[in-house]
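Chains as they are written, first to last, in the working numbering: chain A, 12 to 245; chain B, 12 to 245.
Written out below as structure tokens is the structure these notes cover.
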DNA sequence: TAAATAGTGTCTATAAGACACTATTCT
DNA sequence: AGAATAGTGTCTTATAGACACTATTTA
């Protein structure tokens with residue numbers, strides 16, 4: 012953007028914007044996926060102060076010429092090598108003192124990774140990126156990331172309930188109905204009745220059968236895929 | 012992508028947070044109230060460049076030692092003289108170029124003012140603060156405030172639907188059921204059936220009758236108040 | 001033929017919507 | 001007595017939940 016090259020400081024002085032102290036602004040990403048029938052979140056182990064050795068949510072600084080969404084997408088790709096997945100702003104967190112280094116306001120994002128795309132590329136800055144089940148989370152995440160994660164979990168459940176099409180971002184392109192139900196059960200934290208679930212699915216017009224089926228040591232299950240739809244949301 | 016030249020590893024090496032450019036961070040407040048049976052929003056007329064003479068959402072810079080919620084509350088009080096009303100974070104907006112002066116990320120808040128507290132104090136920095144019906148909004152608000160307002164409207168309707176107790180923040184302490192229904196109708200943008208509405212209200216356990224009634228040139232209406240409750244939300 | 005999972009329907013309870021008249025107060 | 005608003009109940013439809021057996025494949 013043009014103002015970046017020259018004029019920023021001058022204008023800032025002239026219009027008094029610069030008399031206010033500026034915070035650093037980061038994006039932090041709560042990336043969820045399903046692994047081994049459990050909801051997992053991506054964490055990185057910090058290599059330096061502060062919170063050295065602690066687990067933290069992946070994230071990084073927002074740069075002047077990008078949108079917030081772009082910043083989140085870029086950080087996510089740097090950490091995981093995955094691009095183009097579902098990514099949505101969650102909330103900002105800016106309590107003073109949340110980062111001992113300096114004044115840092117973070118904008119948290121939620122992302123969902125389909126369960127067949129677990130490949131994690133070694134991040135450029137993340138010493139170690141690991142999936143962690145949300146059930147037995149370490150009590151001490153870095154910064155205020157435990158709070159952010161808890162907020163993300165509540166929001167995830169709320170959003171999945173109010174928009175049934177969200178779930179598609181956690182599943183591979185083709186899947187069995189039993190697998191789909193399983194993902195719902197994991198997110199909602201309770202068992203669902205198979206017949207009621209399938210009856211409800213029909214009324215949602217969310218998935219359609221393919222001709223393919225999945226075979227195992229039992230009766231084969233039909234594979235379904237999501238209907239590519241024009242609209243959902245209220 | 013220019014920014015790929017700068018890597019996070021540089022930062023990691025020196026803990027040097029300050030070497031990254033910092034944005035200015037503001038809070039902007041979408042303050043709704045009901046006036047003359049219409050949903051109104053508070054706007055201020057800008058007295059200087061940029062967007063001089065345009066209407067804008069009230070707001071201001073976040074200070075280092077305050078939380079984001081505090082910043083929003085403080086700005087709101089500076090503009091309106093009203094403190095302690097319902098205030099909730101909405102979303103962050105940070106597209107590059109949204110403020111022609113410099114890089115400014117804003118965190119938008121939604122606030123609700125009860126319809127008996129319309130007193131607006133002349134703000135310290137707001138040249139002119141005015142209520143404006145959301146129906147016939149001027150097309151050209153300053154910055155990206157039209158987008159923020161539209162987002163706030165969608166969210167307001169969504170939140171009112173999913174949490175019936177929110178409505179209490181738009182009504183005085185005591186009110187008639189007809190008045191309460193009116194507010195719902197304004198927010199939802201459609202007429203409601205009186206008998207169905209009252210039946211639904213009963214099941215919500217949201218309001219309770221007082222012994223007081225309101226008199227006019229017609230049969231008096233009983234006044235109700237909100238039940239002070241322990242919990243709502245999903 | 002046993003093990004394993006897929007797939008399928010009815011009945012009941014609750015919630016939401018359509019719909020119209022009587023009651024009370026003031027002027 | 002007329003104007004104005006308050007207040008009240010039934011029937012219908014849609015949605016959600018409880019509940020158990022048969023079907024098909026592999027080993």
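Where a beta carbon is used, it is the ideal one built from N, C-alpha and C, also for glycine.
Counting along the chain, the unbroken alpha helix (DSSP H) around residue 211 (chain B) starts and ends at 205 to 215. Residue 162 (chain B) sits in a helix when the DSSP states are folded into three classes. For residue 78 (chain B), the nearest CB of chain A lies under 7 Å from its own CB, placing it at the interface with that chain. Shown here, residue 64 (chain B) sits in coil according to DSSP, grouped into three states, outside any helix or strand.
In the DSSP annotation of this structure, the continuous segment of the beta strand (DSSP E) that includes residue 223 (chain A) starts and ends at 218 to 227. Contact of residue 72 (chain A) with chain B is assigned, a C-beta pair being separated by under 7 Å. Cβ contact annotation for residue 114 (chain B) (same chain, cutoff 6 Å, sequence separation greater than five): 34, in chain order.
Chain order gives no chain B residues near residue 69 (chain A), where near means a beta carbon separation below 7 Å; the closest approach is about 10 Å. The alpha carbon of residue 200 (chain B) has as its nearest neighbour, out of B:219, B:108, B:164, B:155, the alpha carbon of B:164. Against chain B, the CB of residue 118 (chain A) has a partner CB under 7 Å away; the residue lies at that interface. With contact defined as three or more Cβ pairs closer than 8 Å, the region 45 to 54 of chain A and the region 82 to 99 of chain B are not in contact.
For residue 235 (chain B), the nearest beta carbon of chain A is not closer than 7 Å to its own beta carbon. Cα atoms of residue 181 (chain A) and residue 202 (chain A): separation of roughly 18 Å, rounded to the nearest angstrom. Identification of chain B residues near residue 224 (chain A) by a Cβ-Cβ cut-off of 8 Å yields none; the smallest Cβ-Cβ distance measures about 37 Å. Closest option to residue 124 (chain B), judged by alpha-carbon separation, among B:225, B:179, B:61, B:226: B:179. Taken through DSSP and simplified to helix, strand or coil, residue 85 (chain A) comes out as helix. Contact check between the region 141 to 156 of chain A and the region 56 to 68 of chain A: three or more CB pairs, one atom from each, fall below 8 Å, which counts as touching. Ranked by Cα distance from residue 236 (chain B), the options B:226, B:216, B:104 are led by B:216.
Residue 193 (chain A) and residue 84 (chain A) have their C-alpha atoms spaced approximately 28 Å apart. In terms of Cα proximity to residue 100 (chain A), the closest of A:120, A:184, A:204, A:44 is A:120.
Its Cα nearest to that of residue 47 (chain B), the residue B:146 stands out among B:208, B:73, B:146. Scanning B:183, B:108, B:82, B:73 for the CA closest to the CA of residue 61 (chain B) turns up B:108.
Taking 8 Å as the upper bound for CB-CB distance, residue 72 (chain B) and residue 44 (chain B) are not in contact here, some 25 Å apart.
Contact with chain B is absent for residue 162 (chain A), since none of that chain's Cβ atoms lies less than 7 Å from the residue's Cβ.
Chain-ordered, the chain A residues with CB closer than 8 Å to the CB of residue 33 (chain B) read 33, 34, 35, 36. About 6 Å separates the beta carbons of residue 188 (chain A) and residue 209 (chain A), which is inside the 8 Å limit, making them a contact pair. DSSP, reduced to helix, strand and coil, places residue 123 (chain B) within a strand of the structure shown. Within 10 angstroms of the beta-carbon of residue 117 (chain B) lie 16 or more other beta-carbons, which makes it buried. Assigned with DSSP and collapsed to three states, residue 230 (chain A) falls in strand. Residues of chain B whose Cβ lies closer than 8 Å to the Cβ of residue 75 (chain A) are, in chain order, 32, 34, 107, 114. Between residue 234 (chain B) and residue 240 (chain B), the gap from beta carbon to beta carbon reaches 7 Å or more. Residue state for residue 102 (chain A) is assigned as strand, using DSSP reduced to three classes.
Taking 7 Å as the CB threshold, residue 103 (chain B) lines the interface with chain A. Residue 55 (chain B) carries a strand assignment under DSSP once its states are collapsed to helix, strand and coil. Out of A:59, A:159, A:212, the CA that lies nearest to the CA of residue 42 (chain A) is found in A:159.
Residues of chain B whose Cβ lies closer than 8 Å to the Cβ of residue 100 (chain A) are, in chain order, 102, 103.
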